[in-house]
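Peer 1:
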Amino acid sequence: MKFFVDTADVSAISELNGLGMVDGVTTNPSLILKAGRDIREVTREICALVDGPVSAEVVATDSASMIQEGRSLAEIADNIAVKVPMTWDGLKACRTLADDGCMVNVTLCFSANQALLAAKAGASFISPFIGRLDDINLDGLDLIGDIRLVYDNYGFETEILAASIRSVNHIAECARIGADVATAPPGVIRKLVDHPLTDRGMESFLADWAKTGQNIVP
Ligand code: G3P
7 MKFFVDTADV
17 SAISELNGLG
27 MVDGVTTNPS
37 LILKAGRDIR
47 EVTREICALV
57 DGPVSAEVVA
67 TDSASMIQEG
77 RSLAEIADNI
87 AVKVPMTWDG
97 LKACRTLADD
107 GCMVNVTLCF
117 SANQALLAAK
127 AGASFISPFI
137 GRLDDINLDG
147 LDLIGDIRLV
157 YDNYGFETEI
167 LAASIRSVNH
177 IAECARIGAD
187 VATAPPGVIR
197 KLVDHPLTDR
207 GMESFLADWA
217 KTGQNIVP
């Protein structure tokens, strides 16, 4: 499963990229607001830093303007994936941008039917939002499983990009179900390494090593 980082914070991306943990990046208007940076400038920086796809989202609501915004975003770098919303206008823009040769990420997906539409419209990625379904007492992970089944039934190549990930358990479950990508905030990715038994094991090994009085490097 690929890891994308869900942020427009360049230093957080850079830190995880240095660990070899960044296969791509996703941004959205809320994350651009949080970063407090100009969208074109920050997106260009991220694209230069990361080899994989960098999602940048359109904000228009009619297909013609979405296509115009998408083409403008796609000019920033070769690794841009234009993010469009799950609406009929968004799907129309998806088809046109995909025919242009752009990667398209269809966002705000909350049902298997929506995911089916995105695949038929030529999306490279579909972004089902797990956490926001959990927020309304539905099971976001069930949706990942449903989309996996539907795409596998028909051989759709659109990648399932699990989004709105809030916990390390979401990531483990996405990997178990077979999501192609999980995009998560940097803090959630950093927490993946934590385990109390790892900490306890380290403590006892280091305490015993100190008692040997040895050095590994002579
Ligand atoms: O990738 C989508 C993500 O940014 C939304 O996350 O936590 O606002 O639902 P959240």
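Note that this note's numbering has the sequence shown beginning at 7, numbered continuously upward. Beta carbons: idealized from backbone N, C-alpha and C, even for Gly.
1. For the beta strand (DSSP E) containing Thr-189, name the first residue and the last one.
2. Under three-state DSSP, which class holds Pro-91?
3. Using 8 Å as the cut-off, can you tell me whether the region 179 to 193 makes contact with the region 205 to 216, which would need three or more C-beta pairs spanning the two stretches below that distance?
4. Identify which residue in Ile-166, Leu-147, Arg-43, Lys-197 has its Cα closest to the Cα of Lys-8.
5. Any heavy atom of the ligand G3P closer than 7 Å to the CB of Ala-169?
6. Asp-4: buried (16+ other C-beta within 10 angstroms of its C-beta) or exposed?
7. Quick one: is Leu-25 buried, meaning 16 or more other Cβ sit within 10 Å of its Cβ, or exposed?
8. Quick one: any contact between the region 135 to 143 and the region 72 to 92, if contact means 3 or more CB pairs under 8 Å?
9. Can Ile-132 and Cys-115 be called in contact, C-beta distance under 8 Å?
10. Apply the 10 Å Cβ neighbour rule to His-201 and answer buried if 16 or more other Cβ atoms are within range, or exposed otherwise.
11. Quick check on DSSP: helix, strand or coil for Leu-123?
12. CA-CA distance, Glu-179 and Leu-198?
13. Hey, is Arg-138 close to the ligand G3P, as in C-beta under 7 Å from one of its heavy atoms?
14. Could you name the residues that DSSP lists as bridge partners for Lys-8?
15. Using a threshold of 7 Å, is the CB atom of Leu-144 nearer than that to any non-hydrogen atom of the ligand G3P?
Peer 2: The structure says:
1. 187 to 190
2. DSSP places Pro-91 in strand when its eight states are reduced to three.
3. no
4. Ile-166
5. yes
6. Look at the range of the chain in this structure, 7 to 224, and you will see that residue 4 is not part of it.
7. exposed
8. Segment contact: the region 135 to 143 against the region 72 to 92, fewer than three CB-CB distances shorter than 8 Å; contact not assigned.
9. yes
10. Its Cβ having fewer than 16 others within 10 Å, His-201 is exposed.
11. In this structure, DSSP gives Leu-123 a helical state, which the three-state scheme calls helix.
12. 13 Å
13. yes
14. Val-187
15. no
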